[in-house]
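Count the sequence shown with the working numbering and you get residues 49 to 299, in order. Just so you know, even glycine gets a beta-carbon here, dropped at the ideal spot from N, CA and C.
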Amino acid sequence: MLVAGNWKMNLDLAAARQLTAGLVSSIGKPEKTLVAICPPFVDLDATYSILHGSGIRMGAQNMHESDSGAYTGEVSASMLRAVGCHYVILGHSERREYFGETNEIVSRKAIQAHRHRLVPIVCVGESLAQRDADRQNAVVEEQVRQSLDGLTVSQGSELVLAYEPVWAIGTGRTASPEQVESMHTHIRSLLVELFGQKTGYAIDILYGGSVKPGNASELFARSNVDGGLIGGAALNAEDFASIVKSAELAA
Ligand code: 13P
49 MLVAGNWKMN
59 LDLAAARQLT
69 AGLVSSIGKP
79 EKTLVAICPP
89 FVDLDATYSI
99 LHGSGIRMGA
109 QNMHESDSGA
119 YTGEVSASML
129 RAVGCHYVIL
139 GHSERREYFG
149 ETNEIVSRKA
159 IQAHRHRLVP
169 IVCVGESLAQ
179 RDADRQNAVV
189 EEQVRQSLDG
199 LTVSQGSELV
209 LAYEPVWAIG
219 TGRTASPEQV
229 ESMHTHIRSL
239 LVELFGQKTG
249 YAIDILYGGS
259 VKPGNASELF
269 ARSNVDGGLI
279 GGAALNAEDF
289 ASIVKSAELA
299 A
């Protein structure tokens, strides 16, 4: 099980420090669950100094695909490693929708992340219109295949997938446990096809989209649901700690 918090564009330095300190004391070192938080870039260094030695890892929310260079406003994989990142979220639907990120870009970023020993959390998920047209399986299949294109089997063993239906993100409208299990099973079969039985079954598939303390347990109980990518509820120490506890009980 892995529970990761995506803070998105929230919390300045002081607020990031405060939340991180609260999480370290309330979460401790879970036995069976990996925990990560993904603050904004400018909060990473300070966050890591509080997290260091705790049971919580750190990730970034995005990165550029190049080593360095004239890319104003961008951040590289090696910079993220240097401030203590273990994970990097790639291809979040907000990046796909507002910043034109394509599957091809996500795949180049995933390969670059591996070159710098960052574990990519690759996000996929259909829009409401695609779900209403019953096209979710085909849409997600194309995202999985193209976003992971070029990754080797050994890179696949250091990879996390996150299924986040766009219509469930920040809307309070969670996908039903049945919808989540059905999509995760579909994604699992694709991962087995792409990376083989052993690696394909070992990859954590997270669900994201309005996960809260009140619905985490029923989602985590489903097969092929290996944890969650949490947005709004990750901004509250008590709520996030409660979701981690649900993962511990489900593990
Ligand atoms: P919410 O939990 O706020 O719906 O956000 C989910 C998400 O986008 C995590 O990456």
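When DSSP states are grouped into helix, strand and coil, residue 223 belongs to the coil group.
The DSSP-derived three-state label of residue 84 is strand.
Taking C-alpha positions only, residue 202 is separated from residue 163 by approximately 12 Å. For residue 140, the Cβ falls inside the 7 Å cut-off from some heavy atom of the ligand 13P. Per DSSP, residue 53 is one residue of the beta strand (DSSP E) stretching across 50-54. Secondary structure at residue 177: helix, using DSSP grouped into helix, strand and coil. Assigned with DSSP and collapsed to three states, residue 240 falls in helix. In this structure, the ligand 13P has a non-hydrogen atom nearer than 7 Å to the beta-carbon of residue 258. The stretch 238-246 makes no contact with the stretch 220-230: fewer than 3 CB pairs, one atom from each, lie closer than 8 Å.
Going by DSSP, residue 201 is part of the alpha helix (DSSP H) stretching over 201-204. Note: residue 119 is not bridge-paired with any residue in the DSSP secondary-structure output.
Exposure of residue 77 is indicated by the presence of fewer than 16 other C-beta atoms within 10 angstroms of its C-beta. Sorting 135, 96, 141 and 178 by C-alpha distance to the C-alpha of residue 208 places 135 at the top.
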